[in-house]
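Take a look at the structure below.
4 protein chains.
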Amino acid sequence: MNFNSILQEVFQEAKTFPVIGNVASTIPELSTVNPDKFGIHLTTIDGEDFGIGDSNEKFSIQSVSKALTVAMAFTFLDEKIWERVGVEPSGNPFNSLVQLEYEKGIPRNPFINAGALVIADMLVSKLSNPKEDFLGFIRMISGCNTIDFNLKVAQSEKETGFRNAALAHFLKSFGNINNDVETVLDFYFHQCSLEMTCQELAHSFFFFANEGKTRYGQQILTKSQVKRLNALMQTCGFYDESGEFTYKVGLPGKSGIGGGIAALYPKNFVVATWSPRLNEKGNSELGMSALELLTTKTGMSIF
Amino acid sequence: MNFNSILQEVFQEAKTFPVIGNVASTIPELSTVNPDKFGIHLTTIDGEDFGIGDSNEKFSIQSVSKALTVAMAFTFLDEKIWERVGVEPSGNPFNSLVQLEYEKGIPRNPFINAGALVIADMLVSKLSNPKEDFLGFIRMISGCNTIDFNLKVAQSEKETGFRNAALAHFLKSFGNINNDVETVLDFYFHQCSLEMTCQELAHSFFFFANEGKTRYGQQILTKSQVKRLNALMQTCGFYDESGEFTYKVGLPGKSGIGGGIAALYPKNFVVATWSPRLNEKGNSELGMSALELLTTKTGMSIF
Amino acid sequence: MNFNSILQEVFQEAKTFPVIGNVASTIPELSTVNPDKFGIHLTTIDGEDFGIGDSNEKFSIQSVSKALTVAMAFTFLDEKIWERVGVEPSGNPFNSLVQLEYEKGIPRNPFINAGALVIADMLVSKLSNPKEDFLGFIRMISGCNTIDFNLKVAQSEKETGFRNAALAHFLKSFGNINNDVETVLDFYFHQCSLEMTCQELAHSFFFFANEGKTRYGQQILTKSQVKRLNALMQTCGFYDESGEFTYKVGLPGKSGIGGGIAALYPKNFVVATWSPRLNEKGNSELGMSALELLTTKTGMSIF
Amino acid sequence: MNFNSILQEVFQEAKTFPVIGNVASTIPELSTVNPDKFGIHLTTIDGEDFGIGDSNEKFSIQSVSKALTVAMAFTFLDEKIWERVGVEPSGNPFNSLVQLEYEKGIPRNPFINAGALVIADMLVSKLSNPKEDFLGFIRMISGCNTIDFNLKVAQSEKETGFRNAALAHFLKSFGNINNDVETVLDFYFHQCSLEMTCQELAHSFFFFANEGKTRYGQQILTKSQVKRLNALMQTCGFYDESGEFTYKVGLPGKSGIGGGIAALYPKNFVVATWSPRLNEKGNSELGMSALELLTTKTGMSIF
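Structure representation (C-alpha cells):
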C-alpha cells in the first residue's frame, strides 16, 4: 500500500468538498484558530510516518484526550472502571445531563463528558500529582517530551465551562465523584487543553493499533485490554454520531472539538486528522470525510 | 364556621392515620428534627387566629419560601418574570434537570428548584443587600421581627447541595443566571433556611388570601397579581403532586421539605401546617391529609 | 353583574386582537370550517342565558367531550377511575406517548388522549350500547335532544387517526385497555365528533358549576365529586398550556381542537366559547383571550 | 485454528455457567420452547462446518431476521434506505416509542422494531408477493429450501403484538409507513416467525463475512455495502446492549428473542448460537457468553 500517494489523493479530494461547519465557539480561547487548517498524519504498524498539510502544527486535542485518560485509568483499575461508568452508546449529545438523571449518575460511557469526568476523578484519586503524572504518561506513550497543556485554554474553559461544572456537581450529587468538584474540573480542563500535532497524536494512539505496545516498545495495556478499548471507541467515540462514523469509516476512533480525530486499524495503522470546522454533532466535518475517503480508497476497514 | 372545633377535629383525626414517610435526609442539619411534630395554624381573613399542636414551634420552611421570593420579585418585575421562567406544571420531580435541557434553560415554573434559582438571581440583581433586604421583606409581611435565617441549615445545604449547584451551573450555561453561581446559591440556601412557626407562616401568606394586602394593611401586590400567583401555586405548588393536591384539597398552596405547607382560600383564610414526615414526592404526608380533612369538613375549597 | 354588556365588551375587544393561529388540520373533515367563526355563551347559576356572535352555530366539540366522558365514568366508578389513570398534569403535548412508556401505560390524567381512551374503554365496558347510551347522557345533561354525533367527522378521524390508534395499541400492550382496540377507538372518535352550539355546551357543563345538578334539576354527581373534577380541569384541562390558562383565566375549563372551550366559575356561571383558530398548543387562541378578558373585567375567577 | 476442539471447549465451559434468564414470554407460541436448548454452529470462510449441541434443531429467529430484511432492502434501495431510517445506536430498548416521538418518526436504526417496520414497509412496496419473495430470498442465500415461516408463531404475534401495532401506527402518523399498517405488520410478523437451525442461520449470514457473496457463489451485495451493514450490526445489533456485546465479543452480530444470535468475523467465519434464556435486555445470555469465550479463546475479533 503506497500511503504516500493515497494520503495525497485523500487530501486533494477532501479539499474540493464544500466548506461546511464552524470552529467551536464555546471555549473563547479555541475560537480564534484558523478554520481552514487541515492536516493528516498516518503511522503504519511498522513505524513508517506519512504526513500531509498542517500535520505538524499543534492544536488542542480536547476530547481526543478521553481515550488516553481511560487507557491510563485502565492500567490501574482494569474492569473495575465499569462499576462507575458504562460501555453503551448514549444516543445523546456529548454534554447531555438527561440520561444521567434517569440512570442515577452512572454515565453511559467514558467518552461523553460525564463519563470522562468520572475517569478524571479516578485519576485524581490514583495519581500523586495528577496533572503532572498524566502529562508524563502522555509524553511517554507519544515519545515526545514537548507535549504540554495550554494553560490559557484550560483557564478559558474554567471560566466558561458551566455545563461541565453542572455535570460534575450532578455526578457528585449521585456520589459518583469522590474528590472536590473543583479539583476534578481542573484536571479535566487541563487534559482537554493538551496540544499536539497530527503526528504526535498518531504516535500517542499507536499502542491501540499495536496490541497495547507503544511505538517505542512499552507495553501499556494487554492485547485483550486494547481490543476492548478499541471496541468502545467504535461504539461511542463520536457521541451521537458514532453510528455514522462506524458506518462510513469503519474504524475505531475518537474526536475532539478542537477539530482533531485519531483513528486506527488494529495491526495496520493509526491515523490522525485535524480540521477545526465542526458539524452540528461537534465532530470535524473534513476529518470525517478524509477518513471515509481513506478507508474507501484502501479498502482497509475492520468490517 | 367554628374553626376552633374544626381544627380540633382535623388534628385528632389526622393523628389516627397510619404513620407514613420520613424526615428529609438530603440536608444533614434538617434530618435531626423530631419526625412526629405536628401543628396547624389558621388565620381568617378577619384576622382571627386558630392554632393547635406544635403550631408555635419554629421549623425550616425550605421551599415554602419560593412563593415569597416570587412574590417579592413580582413587586419589582411583574410579568417580566416570565421572560426567564414559565408558568406550567413540570410533571417532573422538583430537582429535575431533564426538562431544562430540552427547553434551553427556561425552567417550567418558579416553584421547582431551577425556577426558584432564577428568581433568586433576579432578586440578587435587584436588591442592594439581597439577604438582608429579603429578610426585611419577610419580617414586614409577617409582622414578625424575630424571623431569621438558620445559618447552620444554610451552611449544611451549601456543603451538600450538589444537585442545586448542578442546576445553577446548568442555568448559567444557558445564560439564565446573571450573577455568580456562588452568590445565587448562597442567597437560595439562605432563603430556604428561614425558620417560622405555623402562625408566622400563615401570617406571611396572609396577603395572598387578602387581595394583596398583609394582615397589617400593606398592599404588597395588586388584587390581579395575587390572583395570578395563587393560580400558579395551584398548578405548580406541589411539584409532580400538584394535581393530587388540587384534586384532594382544592386550595392553592406551597410545600417545603422541612414538612411545612402554606395554603389559602382567597377572601376566607390562610392555613399553615407542619409535619416533617414526607411522602415520596417530597411533600408532608400528614400536612396534606390534614388539609384534605379541613376542606372536606368545611366544604371550603375554591372549586 | 350585567353580563349582557360585559359579553359585548369582551366580544368587541377580542375581535380587535391580531388574528393568530389556524384551524386544526389533522382531521380533514374539520379543516373546512370557517376560521373566523366566533361565539360566546354564558349561563348564570340562576339559569339566565347570554349569547353573542356565532353562539348558536354547531361545531365539533372534540376534546371538550373528555370532561363529559370522565363525568359519566365517575357516576359508575367514582374514585376507582384512578386505578387506571392519574390526576397530574402531564407537562407534555396532548398526544404524547413518551410518558406512557416511562409510566407503564398509566396516563397522567383523563384529559390527554391516552387518558381519554382509557375512560372510553371504561364506558365501553359499562354501557350496554356505548355510543347510544353516552349520547343519551349528553342529551339529558344538556336538555337538548338534537345533539348528535357527526358521522363524517367520526369517519374522517378513523381514517387518519393513526396517532390515536398508536396510543390505544400502546395502552393495550400495557393491559390498560380491556376491550378491542377498534371498539374503543370507534367510541372515542364518536364522542369527539359531538356537535354543539356554545349554548348547548354551556348547558351541558352547567352541573359542574351547580354542585353536580344540571340546569334541569338532575343530580349527576355529588358536590364533592364535582369539586374534584373541576380541580382536575383546572390543572389538566388545557394540556401543556394548563398552567397558562389557569394563570391568565383562573377558571376550570376544557378545550377542544374544534376551537371550543367550556369553562366555569363554581356557584356563579358556566361559559362556552368557539373560535377555530388554534395556537401551537392546540387551544383556541381567541377563546382563551376572550375568557381572560371576561375574568379580568368581572374580577370573577376562583383565585 | 482447530474449530472443532474450540467449539467443544466453548460449549462445555459455557454449560458450567450459572443458569440465568428466562424464555421470552411476550409471544405465547414462543414461550413453550425448552429453555435449556443450546447449540452453536460455525462456518469458516472456506465453507467448513462445525456444529455442536442442538445446532440442527429449528428455532424462531425473530429479530435476527432484521439483518436479512435490511440486506434485501439494500439490494433495491442502497443508501436511499437512510432517508427513512438512521444508522445510530438508540440507547433505548428495542420496542421504545420515546425517541420516535422526539425524532418525528425516523427510527434510529433498522434493528430496533420501529426501524425494522420501516424496512418491512419498503419491502412490501418493492416486492410483488412480499412474503413469498422474501422467503425465496432467504432460501437462496441459505441454500436451504426447507426454511419456512411458522404460521402459528406469526399468528400468535399478531394477536398479542400490540406494542408493534402501536409502533406501526405511530410511524404511519408521521408518514413513515406507506402501505396499510395491517399489511406491514403481517409481513413483519412473518419475517420474525422464520425458523432455522444454527447451521441454516450461519449459512444465511455467510455473505456478510464473505464480501457479499453467499456460500453458493451469488453476489448479494457489494463488498462495500456488506462492510456498511456489518458496521451497523456492530453498533446497533443488540439494542441497548450493543456496546456491551461489542466490548465483550468484538464481532458484528444480530440477536433475536427466540434466543438466536448470528455473528461474524469478516473474511474468517460466521457463527450462530441458540439458547432461549434471555437476559433483561432481551438477548440470549448463554449465546453471548459462548461468543465471548469464542473470541477470547481464538483471539479472533475485529479489534
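Protein chains in written order, with my numbering: chain A, 847 to 1149; chain L, 847 to 1149; chain S, 847 to 1149; chain E, 847 to 1149.
Think of the CB as a built atom: it goes at the ideal place given N, C-alpha and C, for glycine as much as any other residue.
This structure is a prediction, so every number in the text was calculated from the model and none was measured.
**Prompt:** Within the 8 Å Cβ cut-off, does L/Ser936 reach chain A?
**Reply:** no
**Request:** Measure from the alpha carbon of S/Ser1135 to the alpha carbon of each residue in S/Ser851, S/Gln854 and S/Glu859, then state which is nearest.
**Result:** S/Glu859
**Request:** Measure the alpha-carbon distance for S/Thr1141 versus S/Val1095 and round it to whole angstroms.
**Result:** 6 Å
**Message:** Between E/Lys1073 and chain A, is the shortest Cβ-Cβ distance under 8 Å, so that the two count as touching?
**Reply:** yes
**Prompt:** First and last residue of the alpha helix (DSSP H) that includes E/Ala1124?
**Reply:** The displayed chain sequence assigns Leu, not Ala, to residue 1124 of chain E. It is not in any alpha helix (DSSP H) - E/Leu1124 carries neither H nor E in the DSSP assignment.
**Request:** Can you tell me which of the three DSSP states A/Ser1135 falls into?
**Result:** helix
**Request:** Taking S/Met986 as the reference, give the member of S/Phe1020, S/Gln1065 and S/Lys912 with the closest Cα.
**Result:** S/Gln1065
**Prompt:** Should E/Glu947 be flagged as near chain S, meaning a C-beta pair shorter than 8 Å?
**Reply:** yes
**Prompt:** Taking the alpha-carbon positions, what's the L/Gly1105 to L/Asn941 distance?
**Reply:** 17 Å
**Item:** Contact under 8 Å by Cβ, L/Ser1050 with L/Ala1000
**Value:** no
**Request:** Would you list, in chain order, the members of the stretch 1047 to 1081 of chain E that have their beta-carbon closer than 7 Å to a beta-carbon of chain A?
**Result:** Lys1073, Arg1074, Asn1076, Ala1077, Leu1078, Gln1080 and Thr1081
**Request:** Please check if any C-beta of chain A sits within less than 8 Å of the C-beta of E/Asn955.
**Result:** yes
**Message:** With DSSP as the reference, identify every bridge partner of S/Asp994, one or two as the case may be.
**Reply:** S/Glu1041
**Prompt:** Using a Cβ-Cβ distance under 8 Å, would A/Ile813 count as near chain E?
**Reply:** Summary: the structure shown does not reach residue 813 of chain A, with chain A confined to residues 847 through 1149, and so no result is reported for it.
**Residues of its chain near A/Ser1158, where Cβ-Cβ distance is below 6 Å and the 5 sequence neighbours each way are ignored** = As shown, chain A starts at 847 and ends at 1149. That puts residue 1158 of chain A outside it, with no answer to give.
**Item:** Residues of the stretch 906 to 924 of chain L whose Cβ lies closer than 8 Å to any Cβ of chain S, in chain order
**Value:** none
**Prompt:** Which of the three DSSP states, helix, strand or coil, is assigned to E/Thr862?
**Reply:** coil
**Message:** Between which residues of its own chain and S/Leu943 is the CB-CB distance below 7 Å, once the five residues before and five after are set aside?
**Reply:** Ala1012, Leu1013 and Phe1016
**Request:** On the DSSP bridge assignment, give the partners of E/Val910 in chain order.
**Result:** E/Val910 is not bridged to any residue.
**Within chain A, partners of E/Gly1096 - CB distance below 7 Å** = Lys1073 and Ala1077
**Limits of the unbroken beta strand (DSSP E) element including S/Ser1101** = Gly1099 to Ser1101
**Item:** For L/Pro1098, the nearest candidate out of S/Glu1090, S/Thr1081 and S/Ser988 (CA to CA)
**Value:** S/Thr1081
**Asked** Residues of chain E with a CB under 8 Å from the CB of S/Phe1008: which are they?
**Response** His1015, Phe1016, Lys1018, Ser1019 and Val1027
**Item:** Coarse secondary structure for A/Phe1115, derived from DSSP in three states
**Value:** strand
**Asked** In terms of residues, what are the limits of the alpha helix (DSSP H) holding A/Thr1081?
**Response** Lys1069 to Cys1082
**Distance, L/Ala962 Cα to A/Leu1004 Cα** = Per the sequence shown, the amino acid found at residue 1004 of chain A is Lys instead of Leu. Roughly 25 Å between the two C-alpha positions.
**Request:** Under 7 Å between beta-carbons, which chain L residues line up against S/Phe939? List them in chain order, please.
**Result:** In the sequence as displayed, the identity of residue 939 of chain S is Pro instead of Phe. Residues of chain L passing the Cβ test: none, with the nearest at roughly 12 Å.
**Request:** Could you spell out where the alpha helix (DSSP H) holding E/Asp979 opens and where it closes?
**Result:** Pro976 to Ser988
**Request:** Report the neighbours of L/Ser1088 on chain S: residues whose CB is nearer than 9 Å to its CB, in chain order.
**Result:** Glu934, Pro935 and Thr1081
**Asked** Which residue's Cα is closest to the Cα of E/Pro874: E/Asp892, E/Ser906 and E/His887?
**Response** E/Ser906
**Message:** According to DSSP, simplified to helix, strand and coil, what is L/Phe1051?
**Reply:** coil
**Asked** For A/Ser942, which residues in chain L fall below 7 Å Cβ to Cβ?
**Response** Glu947
**Request:** Please confirm if A/Tyr1093 has its CB atom under 8 Å from at least one CB of chain E.
**Result:** yes
**Asked** Terminal residues of the continuous beta strand (DSSP E) containing L/Ile886?
**Response** Gly885 to Thr890
**Message:** Residues in the same chain with beta-carbon distance under 8 Å from L/Glu925, minus the five sequence neighbours each way, listed in chain order, please.
**Reply:** none
**Prompt:** Taking the continuous alpha helix (DSSP H) assigned at E/Asp895, which residues delimit it?
**Reply:** Run containing E/Asp895: none in the alpha helix (DSSP H); it sits in the beta strand (DSSP E), Asp895 to Gly899.
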